[in-house]
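*Asks:*
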Amino acid sequence: MNILRNAGTLLLVNLFVLIMVAVTLWLGARAYRLSTDGERTTGLVVSLVESGDGEGGCCVYSPLVEFSVNGRPMRFEGGNASSPPAYRVGQQVNVVYNPTKPDEASIHSFYEMWLVPTILGITDVILFVVLNWIFIAQMRRRPQQETA
0 MNILRNAGTL LLVNLFVLIM VAVTLWLGAR AYRLSTDGER TTGLVVSLVE
50 SGDGEGGCCV YSPLVEFSVN GRPMRFEGGN ASSPPAYRVG QQVNVVYNPT
100 KPDEASIHSF YEMWLVPTIL GITDVILFVV LNWIFIAQMR RRPQQETA
């Protein structure tokens, strides 16, 4: 019975990791498509958007970037917030956007496009290896303990 329970737990843990891998792949594919198929232009940081740091403290800042598509102004908020701010008001930045949906845009940098998928990918691998190693080690030890 313990072996079935452990196998079920192992299955659930791997299902969770699989969902995380799917999210990571989706984010990576989205960044890759934008990076390879997107139009490039120059944008201007017009302001910094202040928000809480997620821990009840203050504050992190993300850039509000303006660029134009066929003379039409577009704005988007950068995907990563930091303290101190990674950008300053008035700074020019490289922008990549989806030509069919210009509101899908990003600052064209590793930090903005690839940081989150990279961190999640590394986390996925570590979780998969460590959690499976722990469960397999426990399952190997239990039969020895039960026979003793």
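According to numbering that gives the first Met the number 0, the sequence shown is numbered sequentially starting from 0.
Backbone N, C-alpha and C define an ideal beta-carbon position, used for all residues, glycine too.
Please read all numbers here as calculations on a predicted model, not as lab measurements.
#1: Compare the C-alpha of H107 against each of A30, S46, T117 and Q90 and name the closest.
#2: I'd like to confirm the pairing. Which residues does DSSP put opposite L59 in its beta bridges?
#3: Identify whether S82 lies in helix, strand or coil by the three-state DSSP scheme.
#4: Beta-carbon separation of G77 and E111 under 8 Å?
#5: Relative to the C-alpha of G89, which residue among L119, V129, F66 and G120 is closest?
#6: If you draw a straight line from the C-alpha of A85 to the C-alpha of N79, how long is it?
#7: Would V92 and V128 qualify as a contact pair, given that the criterion is a beta-carbon distance under 8 Å?
#8: Which runs of the alpha helix (DSSP H) at least 4 residues long sit entirely within the segment 91-115? Give them in chain order.
*Replies:* According to the data block:
#1: It is A30 whose Cα lies nearest to the Cα of H107.
#2: Here residue 59 turns out to be Val, not Leu, going by the sequence shown. V59 pairs with S50.
#3: Per DSSP, reduced to three states, the secondary structure at S82 is coil, with no helix or strand assignment.
#4: When the beta-carbon positions are compared, G77 and E111 come within less than 8 Å of each other.
#5: For G89, the nearest C-alpha among the options comes from F66.
#6: Those two C-alpha atoms are separated by around 9 Å.
#7: No, the Cβ-Cβ distance between V92 and V128 is not below 8 Å.
#8: Listed in chain order, they are 109-112.
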